[in-house]
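J.: For the sequence shown, our numbering gives the first residue as 11, with consecutive numbering after it. Just so you know, even glycine gets a beta-carbon here, dropped at the ideal spot from N, CA and C.
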Amino acid sequence: MRVGFIGLGSQGGPMARRIVESGFPTTLWARRADALEPYAGTAAGIASSPAKLGAASDVVCVCVVADADVRQVVTGEDGVLAGMAPGGVLVVHSTIHPDTCRELAEAARKQGVSVVDAPVSGGGGAAAENRLLVMVGGEAADVERCRPVFETYGNPVVHLGGLGSGQVAKLLNNLLFTANLATAAGTLDLGRSLGVDPARLGEVITHGTANSFALGRVVSAGGTLDRIAGHAGPLLRKDVSLVAGLAESASAVPGVVLTTADAALDMMGQTR
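1. Using 10 angstroms around the beta-carbon of Val-124, count the other beta-carbons present and answer buried if the total reaches 16, otherwise exposed.
2. Distance check for Asp-127 and Ser-177, CA to CA, integer angstroms please.
3. Which class does Asp-109 belong to by DSSP, given the choice of helix, strand or coil?
4. Tell me which same chain residues have a C-beta within less than 7 Å of the C-beta of Ser-156, skipping the five on either side of it?
5. Mind checking who Cys-73 pairs with in its DSSP beta bridge?
6. How would you call Thr-52, buried or exposed, if buried means at least 16 neighbouring beta carbons within 10 angstroms?
7. Near Gln-121, what residues of its chain come up, given a Cβ to Cβ distance below 7 Å and the 5 sequence neighbours on each side ignored?
8. I'd like to confirm something about Leu-38: is its beta-carbon nearer than 6 Å to some heavy atom of the ligand ZN, or not?
9. Apart from the five residues on each side of it in sequence, which residues of its chain come closer than 6 Å, Cβ to Cβ, to Ala-45?
10. Specify whether the segment 133-146 and the segment 159-175 touch according to this definition: at least 3 beta carbon pairs, one from each stretch, less than 8 Å apart.
11. Taking the alpha carbon of Ser-104 as the point to measure from, which residue in Gly-201, Val-80, Asp-88 has its own alpha carbon closest?
12. Short of 8 Å in beta carbon distance, which residues of its chain neighbour Gly-55, apart from the five on each side in sequence? Order them along the chain.
13. Do the segment 212-225 and the segment 244-259 touch if we need at least three Cβ pairs shorter than 8 Å?
14. Taking just the CA atoms, how far does Ala-115 sit from Ala-194?
15. Check whether the Cβ atoms of Leu-225 and Met-278 lie closer than 7 Å to each other.
16. Can you tell which of Ala-260, Pro-264, Pro-129, Ala-118 has the C-alpha that lies nearest to the C-alpha of Lys-180?
17. With distances taken between CB atoms, is the gap from Met-145 to Val-168 smaller than 7 Å?
18. Asp-77 and Thr-110: beta carbons closer than 7 Å?
19. Give the DSSP-derived three-state secondary structure of Asp-68 in the structure shown.
20. Check whether the Cβ atoms of Gly-233 and Leu-198 lie closer than 7 Å to each other.
21. Go to Leu-142, then tell me how far its beta strand (DSSP E) extends in each direction, as first and last residue.
22. Since Gln-21 and Gly-133 should fall inside the 8 Å C-beta cutoff, what is the C-beta to C-beta distance between them, to a whole number of angstroms?
23. Return yes when the Cβ of Ile-16 is within less than 7 Å of the Cβ of Val-72, no when it is not.
24. Expressed to the nearest angstrom, what Euclidean distance is found between the alpha-carbon atoms of Glu-213 and Val-228?
25. Measure how close the beta-carbons of Gly-7 and Leu-182 come, nearest whole angstrom, since I'm counting them as under 8 Å.
26. In angstroms with no decimal places, state the Cα-to-Cα distance between Thr-269 and Ala-26.
27. With distances taken between CB atoms, is the gap from Leu-185 to Ala-271 smaller than 7 Å?
28. Please state whether the Cβ-Cβ distance between Ala-192 and Val-267 is less than 7 Å.
29. If you draw a straight line from the alpha carbon of Ala-117 to that of Thr-85, how long is it in whole angstroms?
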């Protein structure tokens, strides 16, 4: 199976490297030439355009940042779909709106190409160590066809249902993570007000029943959300906004988790 990969950033780069090192014939494309430099000594091929990458691949993985970026590399002029042959599978690793995945699927269907959404969680380190969480939505046959690729960097790989369900799961994960940031930072701040050193309190709680991944990030950042806001604030705002819109469209009541996530965004200066 020939694999194409677009999006060689801090998350996608280690994923692509795992695919290459696992022996899949792999083709890469990037907007910036320097993103391709780490692969100069590998077996990976380099395409001159997304369309050329599509033509050289049976499965194309896209791991760029936002909906507009995905649309551009997939359906834009000289995009992936301009080159993919019927029977191919497009995999969206980006965290985007589920409806965007369905729009891409409609465009791909006209060319006999299937779409699978497979957002990930864990970071580049987890990908390099083959322990990335991969949340997958799509037809079972398409998912199983792609599973050997996913398993080069992911464990577990969880098939959640139809197209878009992986995105919904990832957005809910990020919503809860954002809410947990608020409760973690708020608890440490309250401890400070009550005379308990935040660093020592963090050490205690990370070994107790109230421990969470978010708390660990807040403690390592000095007990506030300032550092987290600098590198993750805009992305968390995007994801919370997306899931809030999904809830509104479905007439679902998000309840306290959205309220608390909004509080975290406010604390980071990223009001939704």
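T.: From the atom records:
1. The residue you asked about is not Val; residue 124 is Ser in the sequence shown. It counts as buried.
2. The sequence given here places Gln at residue 177; Ser does not occur at that position. When rounded, the distance between both Cα atoms is 7 Å.
3. Helix.
4. Note on identity: in this sequence residue 156 is Cys, with Ser being the wrong assignment. The residues Val-69, Val-99, Val-101, Val-126, in chain order, have a CB closer than 7 Å to that of Cys-156 in the same chain once the five nearest residues on each side in sequence are set aside.
5. DSSP lists no partner for Cys-73.
6. Classification for Thr-52: exposed.
7. Excluding sequence neighbours, Gln-121 sits near Leu-91, Met-94, Pro-96.
8. The model on display carries no ligand, and the ligand ZN is accordingly not part of it.
9. So the list reads Leu-18, once near-sequence residues are dropped.
10. Verdict: yes, contact present.
11. Ranking Gly-201, Val-80, Asp-88 by Cα distance to Ser-104 puts Val-80 first.
12. Excluding sequence neighbours, Gly-55 sits near Pro-35, Thr-36, Thr-37, Leu-38, Ala-66.
13. The segment 212-225 is not in contact with the segment 244-259.
14. Spanning the two alpha carbons is a distance of roughly 39 Å.
15. Pairing Leu-225 with Met-278 gives a Cβ-Cβ distance that is not under 7 Å.
16. Residue Pro-129 is the option with its Cα nearest to Lys-180.
17. Taking 7 Å as the Cβ cut-off, Met-145 and Val-168 qualify as a contacting pair.
18. One thing to note: Asp-77 has its Cβ within 7 Å of the Cβ of Thr-110.
19. Correct three-state label for Asp-68: coil.
20. Cβ distance < 7 Å, so Gly-233 and Leu-198 count as in contact.
21. Where Leu-142 is concerned, the enclosing beta strand (DSSP E) stretches over 142-147.
22. Their Cβ separation, rounded to whole angstroms, is 7 Å, which keeps Gln-21 and Gly-133 in contact under 8 Å.
23. Taking C-beta atoms as the reference points, Val-72 and Ile-16 count as a pair closer than 7 Å.
24. When only Cα atoms are considered, Glu-213 and Val-228 end up about 11 Å apart.
25. Any answer about residue 7 is impossible in this case: the structure gives the chain only from 11 up to 282.
26. Their backbone Cα atoms lie some 37 Å apart in a straight line.
27. In contact: Leu-185 and Ala-271 (Cβ atoms closer than 7 Å).
28. For the pair Ala-192 and Val-267, the CB atoms are not nearer than the 7 Å cut-off.
29. Each residue's Cα considered, the two are about 8 Å apart.
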